[in-house]
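Peer 1: For the sequence shown, this note's numbering gives the first residue as 1, with consecutive numbering after it. Could you have a look at this structure, given as structure tokens, before my questions?
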Amino acid sequence: MPRPRVAILVEDLYQDLEVWYPYYRLQEAGGEPLFVGTGSKTEYKGKYGYPVTATCRAADVRATDLAAIVVPGGFAPDLLRRSPAVLQLVKDMDQQGKVVAAICHAGWVLVSAGILRGRTVTGFSAIKDDLVNAGATYVDRDVVRDGHLITSRQPDDLPAFMRAILEALAIPSA
Numbered sequence: 001m002p003r004p005r006v007a008i009l010v011e012d013l014y015q016d017l018e019v020w021y022p023y024y025r026l027q028e029a030g031g032e033p034l035f036v037g038t039g040s041k042t043e044y045k046g047k048y049g050y051p052v053t054a055t056c057r058a059a060d061v062r063a064t065d066l067a068a069i070v071v072p073g074g075f076a077p078d079l080l081r082r083s084p085a086v087l088q089l090v091k092d093m094d095q096q097g098k099v100v101a102a103i104c105h106a107g108w109v110l111v112s113a114g115i116l117r118g119r120t121v122t123g124f125s126a127i128k129d130d131l132v133n134a135g136a137t138y139v140d141r142d143v144v145r146d147g148h149l150i151t152s153r154q155p156d157d158l159p160a161f162m163r164a165i166l167e168a169l170a171i172p173s174a
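Below is the structure:
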């Protein structure tokens, strides 16, 4: 059985835990995580300065080659949402019924991709109005799964977030 390929989007000022925790959990569970950048450069730095080197650019990745996409929070989503290639990849993943997972401020990318109307989601409380104004129903829970869309609020929710992602990918989480 092939290892599920999972794109983890990266841009400057990503929330360090929200990139690295999914990366190592996916690796540990037998997935193949890829760091996918906007293409503005090759190396991106987290809020706390930890660097990550992108495996590839969003423009070079196709949804058909992926099982899931993870969008981390921090301030990176404000940069990620400005990339047409990132937004197209997120839209394509959603349209193909593939796992789209977003945590914290990553809901901004989902808003800009136009995939929230009629969905139930969570996210960091500061972006609640953005999610609601994009047509979503907001709930304050550690993780919300609406079909193939998985959302969480903050770094403290990472264990529940990753359990939901691994479950959606049919990968044992333990």
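Beta carbons: idealized from backbone N, C-alpha and C, even for Gly. Nothing here was measured: the structure is a model prediction, and the numbers come from that model.
Using the C-alpha atoms, what's the distance from A102 back to R119?
Peer 2: In a straight line, the C-alpha of R119 is about 13 Å away from that of A102.
Peer 1: Along the beta strand (DSSP E) that carries V144, what are the first and last residues, could you check?
Peer 2: Run containing V144: V143 to D146, per the beta strand (DSSP E) assignment.
Peer 1: Kindly indicate the opening and closing residues of the beta strand (DSSP E) around I150.
Peer 2: I150 -> beta strand (DSSP E) spans L149 to S152.
Peer 1: Pick out whichever of L87, H148 and S152 has its Cα sitting closest to the Cα of A68.
Peer 2: Comparing Cα positions, the closest option is H148.
Peer 1: Rounded to whole angstroms, what is the Cα-Cα separation between V109 and V71?
Peer 2: Distance between the alpha carbons of V109 and V71: 8 Å.
Peer 1: Are A134 and L89 touching if we call contact CB-CB under 8 Å?
Peer 2: Contact: no.
Peer 1: Excluding the 5 residues flanking R117 on each side, which residues of the same chain have their C-beta closer than 8 Å to its C-beta?
Peer 2: A134, G135 and A136, listed in sequence order.
Peer 1: Quick check on E32: does DSSP put it in helix, strand or coil?
Peer 2: DSSP places E32 in strand when its eight states are reduced to three.
Peer 1: Buried or exposed: which applies to Y21, given that a residue is buried once 16 or more other Cβ atoms fall within 10 Å of its Cβ?
Peer 2: Looking at its Cβ environment, which holds 16 or more other Cβ atoms inside 10 Å, Y21 is buried.
Peer 1: Taking Cβ positions, are E28 and G74 nearer each other than 8 Å?
Peer 2: No, the pair does not count as a contact, with Cβ atoms beyond the cut-off.
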